[in-house]
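Asks:
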Amino acid sequence: MGDLVPMDVIVVGAGPTGLLLAAELALGGVRVEVIDRLTGPDLTLKGASIRITTAEMLDRRGLAPAIRESHRRSAAKARGPVGGEGGHLVAGGHFAAIPFSAELVDRSDPELRAHNAAADVMRVPQRDLEAILAAHAARLGAPVRRGVEVIGLKQDNDEVMLETSKGPRRARWVVGADGGRSTIRALAEIDFPGTEGELTGHQAFAETEADEELARGWNWTPRGVYLYDPAPGRIVVVRFGGPPVNRSAPVTAQEVQDNLRHVSGTSVTLTALQGTATRWTDNARLAAVFRCGRVLLAGDAAHIHSPFGGQGINLGIADAANLGWKLAATVRGWAPGGLLDTYEPERRPVAAWVLDWTRAQVALMRGDEKTRQLRAVFARHLLGTRAGTTEFVALTAGIGQRYALDGSDPAATVEVAADDEAGIPGARLGRLLGDVPLVGGGRLADHAHNGTFVLLDRTPGGALGRLSAPWAPRVRTITDHGTEPAGLLVRPDGVVAWAGNGGVQGLETALRRWAGEPA
Ligand SMILES: Cc1cc2nc3c(=O)[nH]c(=O)nc-3n(C[C@H](O)[C@H](O)[C@H](O)COP(=O)(O)OP(=O)(O)OC[C@H]3O[C@@H](n4cnc5c(N)ncnc54)[C@H](O)[C@@H]3O)c2cc1C
Numbered sequence: 001m002g003d004l005v006p007m008d009v010i011v012v013g014a015g016p017t018g019l020l021l022a023a024e025l026a027l028g029g030v031r032v033e034v035i036d037r038l039t040g041p042d043l044t045l046k047g048a049s050i051r052i053t054t055a056e057m058l059d060r061r062g063l064a065p066a067i068r069e070s071h072r073r074s075a076a077k078a079r080g081p082v083g084g085e086g087g088h089l090v091a092g093g094h095f096a097a098i099p100f101s102a103e104l105v106d107r108s109d110p111e112l113r114a115h116n117a118a119a120d121v122m123r124v125p126q127r128d129l130e131a132i133l134a135a136h137a138a139r140l141g142a143p144v145r146r147g148v149e150v151i152g153l154k155q156d157n158d159e160v161m162l163e164t165s166k167g168p169r170r171a172r173w174v175v176g177a178d179g180g181r182s183t184i185r186a187l188a189e190i191d192f193p194g195t196e197g198e199l200t201g202h203q204a205f206a207e208t209e210a211d212e213e214l215a216r217g218w219n220w221t222p223r224g225v226y227l228y229d230p231a232p233g234r235i236v237v238v239r240f241g242g243p244p245v246n247r248s249a250p251v252t253a254q255e256v257q258d259n260l261r262h263v264s265g266t267s268v269t270l271t272a273l274q275g276t277a278t279r280w281t282d283n284a285r286l287a288a289v290f291r292c293g294r295v296l297l298a299g300d301a302a303h304i305h306s307p308f309g310g311q312g313i314n315l316g317i318a319d320a321a322n323l324g325w326k327l328a329a330t331v332r333g334w335a336p337g338g339l340l341d342t343y344e345p346e347r348r349p350v351a352a353w354v355l356d357w358t359r360a361q362v363a364l365m366r367g368d369e370k371t372r373q374l375r376a377v378f379a380r381h382l383l384g385t386r387a388g389t390t391e392f393v394a395l396t397a398g399i400g401q402r403y404a405l406d407g408s409d410p411a412a413t414v415e416v417a418a419d420d421e422a423g424i425p426g427a428r429l430g431r432l433l434g435d436v437p438l439v440g441g442g443r444l445a446d447h448a449h450n451g452t453f454v455l456l457d458r459t460p461g462g463a464l465g466r467l468s469a470p471w472a473p474r475v476r477t478i479t480d481h482g483t484e485p486a487g488l489l490v491r492p493d494g495v496v497a498w499a500g501n502g503g504v505q506g507l508e509t510a511l512r513r514w515a516g517e518p519a
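Note that the sequence shown covers residues 1 to 519 in this note's numbering.
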């Protein structure tokens, strides 16, 4: 496969991040291909669900029916809520194995309400997600070349040369979406500092014998934490005392059983594993930079952390959504100055926040008596309250991400929206837009399928549409009746770039800043 005609972009890695990124690039008119060293889809047992902002991104690209179908299949297999300390598994998940109680989530919270359209489609296994995204990318003309491993990389001012197991490949840009042990990151000599792991975790679906001693739901012991959910046979076991000695060996039923017996103090027997189990640790690392010349990083290649709270896919999908249109604009030549340079300052702080969020969970899971008491205080006085649970659900869902688009702060942040923030709830500057029903029928997300900017114009004379006309076809204007919000400019990644209450003030500046000069 010695292809010497350079691609615009080669994406290395066909996980969720690489697949969505390739699709976004193809939507932006870029010649792109994905290469992955595996010869077929990855069947390893990883993410069991997606979060609201991931579901919203897929909805924006017309993939809601596919994820809804996957959710329906998974929900049919599940036995119902997984209880722990009297809680229930809700869309928002858990913190340090303390499940969020559905009854305590304030459904009238304006931010949660603005993001409720996709909140019922969470149980999408990673395997299904990857199949949906691979089909989506293929439909858009972004092929996945499997069985191709990158082993070398060189770059100059114009292009990147990849050495692969199937011969040389050239591209103007390369994105490493090749996971936590990224070869691209190593070849580009990008540092990956962080904290070491202190535990060994396993996730498996297993057939068991003598499981009556295992408690259902999440359980802490002085030696670790385990989750047992017998209907699907799902086991998660976390053993404190250090990271795995050998991270590359296949996971066996014996190994999972040993750790489960040790942590639970039972004599349960695992007779067989169903499919491929996973072994992990909690090292948390963040790439020093997300770009080195013509090489960029996204997803786990740029940040790794423990899977507690299920944040990895959300991060990778948002990286891909953020980078996709910016890199496409750069390749196609319409990017305003510095557009690609906004990728790192927008995404890296969000990843840093997630790393800290997962580190805090590990600290709260430790088995000593003092941590046990801290957990009890935390569970009762914070996650036992309506305000605490609502805030944690919002943060875990990813709707707290805010990019400082007004230029007031150089970095992005993650926090629940403040009342005095610009815009109206759910449509605040720099935040991911939730669902906006249109008075004329349908939703704003229905108009985002082709990856353009979307401008909502509810001004009586269509003033916003007239002003933005020179930016067509990069900006799609949707006229509607209704009042709040009267005007909204939404970037292709779903971020609110401008919000107006009736006038056009600031819209042209926002258009030039994000969509470049008129077409
Ligand atoms: C046990 C477990 C449970 C998890 N649960 C959740 C969850 O519930 N929710 C959640 O959001 N996240 C969860 N995660 C995290 C989630 O799986 C990752 O964050 C996600 O897979 C990252 O996606 P990615 O596309 O960035 O990288 P990956 O999915 O790791 O994909 C990288 C791809 O790159 C390929 N590749 C690597 N090196 C090369 C090379 N040199 N050449 C060519 N190809 C290469 C690999 O074959 C792979 O296909 C879990 C993880 C684990 C381990």
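Backbone N, C-alpha and C fix where the C-beta goes; we use that ideal spot for every residue, glycine too. Since we're looking at a predicted model, the values are computed, not measured.
Quick one: what's got a C-beta closer than 6 angstroms to G147's C-beta in the same chain, skipping five residues either side?
Replies: Within the sequence shown, numbered from 1, the residue matching residue 147 stands at position 147. Excluding residues within five positions, the ones whose Cβ falls inside 6 angstroms are T39.
Asks: Would you report the Cα separation of W514 and L43, rounded to the nearest angstrom?
Replies: Taking the first residue of the sequence shown as 1, we reach residue 514 at position 514. Taking the first residue of the sequence shown as 1, we reach residue 43 at position 43. So the two alpha carbons sit approximately 39 angstroms from each other.
Asks: If I follow the unbroken alpha helix (DSSP H) through I313, where does it start and stop?
Replies: For this step, residue 313 is matched to residue 313 along the sequence shown. Its alpha helix (DSSP H) spans residues G312 to R332.
Asks: In terms of DSSP beta bridges, what is D178 paired with?
Replies: Position 178 of the sequence shown, counting from 1, holds the residue named residue 178. Its beta-bridge partners do not exist; DSSP assigns none.
Asks: With respect to 7 angstroms, is the separation between the Cβ of N314 and the closest non-hydrogen atom of ligand 1 below this value?
Replies: As a working mapping, residue 314 is identified with position 314 in the sequence shown. Yes; taking the cut-off as 7 angstroms, the Cβ of N314 has a heavy atom of ligand 1 nearer than that.
Asks: Is A138 near ligand 1, going by C-beta to nearest heavy atom under 7 angstroms?
Replies: Working through the sequence shown from its first residue, we reach residue 138 at position 138. No; taking the cut-off as 7 angstroms, the Cβ of A138 has no heavy atom of ligand 1 nearer than that.
Asks: Which stretch, first to last residue, makes up the alpha helix (DSSP H) that contains M57?
Replies: The count along the sequence shown starts at 1 and reaches residue 57 at position 57. Its alpha helix (DSSP H) spans residues I52 to R60.
Asks: Would a C-beta distance cut-off of 8 angstroms place T200 and A284 closer than the cut-off?
Replies: For this step, residue 200 is matched to residue 200 along the sequence shown. For this step, residue 284 is matched to residue 284 along the sequence shown. Result no, Cβ atoms of T200 and A284 do not sit closer than 8 angstroms.
Asks: Examine ligand 1 and report whether any of its heavy atoms sits within less than 7 angstroms of the Cβ of A520.
Replies: With the chain covering only 1 through 519, there is no way to say anything about residue 520.
Asks: Going by beta-carbon coordinates alone, are R402 and G430 separated by less than 8 angstroms?
Replies: Along the sequence shown, one-based indexing puts residue 402 at 402. Along the sequence shown, one-based indexing puts residue 430 at 430. Cβ atoms of R402 and G430: closer than 8 angstroms.
Asks: Quick check: the region 364-376 against the region 94-103, are at least 3 beta-carbon pairs closer than 8 angstroms?
Replies: The region 94-103 vs the region 364-376: in contact.
Asks: Between V11 and V32, is the Cβ-Cβ spacing less than 8 angstroms?
Replies: Taking the sequence shown and counting its residues from 1, one reaches residue 11 at position 11. Taking the sequence shown and counting its residues from 1, one reaches residue 32 at position 32. Yes, the Cβ-Cβ distance between V11 and V32 is below 8 angstroms.
Asks: If you draw a straight line from the C-alpha of D158 to the C-alpha of L438, how long is it?
Replies: Your numbering for residue 158 matches position 158 in the sequence shown. Your numbering for residue 438 matches position 438 in the sequence shown. So the two alpha carbons sit approximately 45 angstroms from each other.
Asks: Ligand 1 and R234: does the residue's C-beta get closer than 7 angstroms to at least one heavy atom of that ligand?
Replies: Start at 1 with the first residue of the sequence shown, and residue 234 comes out as number 234. Not so, every heavy atom of ligand 1 lies at least 7 angstroms from the Cβ.
Asks: Once the 5 residues before and after V263 are set aside, which same chain residues still bring their CB inside 8 angstroms of it?
Replies: Residue 263 sits at position 263 when you count from the first residue of the sequence shown. Counting only Cβ-Cβ distances below 8 angstroms, and skipping sequence neighbours, we find T221, R223, G224, V225, Y226, V237, V238 and R239.
Asks: Can you tell me which of the three DSSP states T389 falls into?
Replies: As a first step, residue 389 is located in the sequence shown; it is residue number 389 there, counting from the start. In this structure, T389 counts as helix in the three-state DSSP scheme.
Asks: Which one of G233, D8 and W471 has the shortest CA to CA distance from L507?
Replies: Counted from its first residue, the sequence shown places residue 507 at position 507. It is W471.
Asks: Go through its chain and collect everything with a Cβ distance to V82's Cβ below 8 angstroms, but skip five positions before and after it.
Replies: By one-based count along the sequence shown, residue 82 stands at place 82. Confidence at V82 is low in this model, with a pLDDT of 35, below 50, so the placement of that residue is unreliable and no value is reported for it.
Asks: Based on the DSSP secondary-structure assignment, which residues constitute the bridge partners of W173?
Replies: Taking the first residue of the sequence shown as 1, we reach residue 173 at position 173. Answer is V9.
Asks: Report yes if the CB atom of Q311 is closer than 8 angstroms to the CB atom of W280, and no otherwise.
Replies: Taking the first residue of the sequence shown as position 1, residue 311 is located at position 311. Taking the first residue of the sequence shown as position 1, residue 280 is located at position 280. Cβ distance not < 8 angstroms, so Q311 and W280 don't count as in contact.
Asks: Kindly list the residues whose CB is nearer than 8 angstroms to the CB of N450, restricted to its own chain and excluding five residues on each side of it in sequence; keep chain order.
Replies: Walking along the sequence shown from the start, residue 450 turns up at place 450. The residues are L27 and R476.
Asks: Say the cut is 7 angstroms; is the CB of G38 nearer than that to a heavy atom of ligand 1?
Replies: Working through the sequence shown from its first residue, we reach residue 38 at position 38. Reading off the sequence, residue 38 comes out as Leu, not Gly. Yes, ligand 1 has a heavy atom inside 7 angstroms of this Cβ.
Asks: Give every residue of the same chain whose Cβ lies closer than 6 angstroms to the Cβ of V124, excluding the five residues on either side of it in the sequence, and list them in chain order.
Replies: Numbered from 1 along the sequence shown, position 124 holds the residue referred to as residue 124. Closer than 6 angstroms at the Cβ level, and outside the excluded window around V124, lie I50, I67, S70 and H71.
Asks: From the DSSP output, read off the bridge partner residues of R476.
Replies: In the sequence shown, residue 476 corresponds to position 476, counting from 1. V454, per the DSSP bridge assignment.
Asks: What does the alpha-carbon distance come out to for the pair N501 and V362?
Replies: The sequence position of residue 501 within the sequence shown is 501, counting from 1. The sequence position of residue 362 within the sequence shown is 362, counting from 1. The alpha-carbon atoms of N501 and V362 are separated by roughly 44 angstroms.
Asks: Going by CA-CA distance only, name the one from T509, A186, L153 and G176 that's closest to R170.
Replies: Here the question's residue 170 lines up with position 170 in the sequence shown. When each option's Cα is compared against that of R170, the closest is L153.
Asks: For ligand 1, is there a heavy atom less than 7 angstroms away from the beta-carbon of W280?
Replies: As a working mapping, residue 280 is identified with position 280 in the sequence shown. Answer for W280: yes, Cβ within range of ligand 1.
Asks: Sorry if obvious, but does the Cβ on T200 come closer than 7 angstroms to a heavy atom of ligand 1?
Replies: To locate residue 200, count along the sequence shown from 1; it is residue 200. Outside the cutoff, so no.
Asks: Flag V150 as yes when its Cβ comes closer than 7 angstroms to any non-hydrogen atom of ligand 1, and as no otherwise.
Replies: Translated into positions along the sequence shown, residue 150 becomes position 150. Correct: V150 has its Cβ closer than 7 angstroms to ligand 1.
Asks: Determine, using beta carbons only, whether I536 and T164 come nearer to each other than 8 angstroms.
Replies: Because the chain here runs from 1 to 519, residue 536 falls outside it and cannot be looked at.
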